[in-house]
Amino acid sequence: MKLFAELIDGSRKIAEQNAFAAEEKNCRHEEWVKQIQEETDDMNMQRNTSDYTSMNKAYFDRKRREIMTRQQLFTSDYTPTMADDEGPEGEPSDPPRKPSPIE
-4 MKLFAELIDG SRKIAEQNAF AAEEKNCRHE EWVKQIQEET DDMNMQRNTS DYTSMNKAYF
56 DRKRREIMTR QQLFTSDYTP TMADDEGPEG EPSDPPRKPS PIE
């Protein structure tokens, strides 16, 4: 009986080690894929922008800034409220508004 318990305990340890090794391998693979994608993106960006004139570069820089500004307007911290949310006096409560960059 003792031998059987030791076999089961040993097989559990091996299974845990295998699971840990598989998880570690997956993490390394994901990091490798991410690194390859970044290198590919960098090469494509360099290839696509190497023959830009200063006018083209200014145009794309302006477009990039516009996109970044647009992304900042739609942040992920938005929390929708239900129509039946009520404040302390029974009146609907409005979430605090962020000032827009236009104001």
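First residue of the sequence shown? That's -4 in the numbering used here, and the numbers climb one at a time after it.
Glycine residues also receive a C-beta, built at the ideal position from the N, C-alpha and C atoms.
Predicted model, so just to flag it, every value in this text is computed and none were measured.
(request) Give the straight-line distance between the Cα atoms of Met26 and Asn13, rounded to the nearest whole angstrom. (result) Looking at the sequence shown, residue 26 is not Met but Glu. Taking the straight line from one Cα to the other gives about 20 angstroms.
(request) Taking only the alpha-carbon atoms, compute the straight-line gap between Asp36 and Lys58 and give it to the nearest angstrom. (result) 19 angstroms
(message) Using only the alpha-carbon positions, how far apart do Ser45 and Arg60 sit?
(response) 20 angstroms
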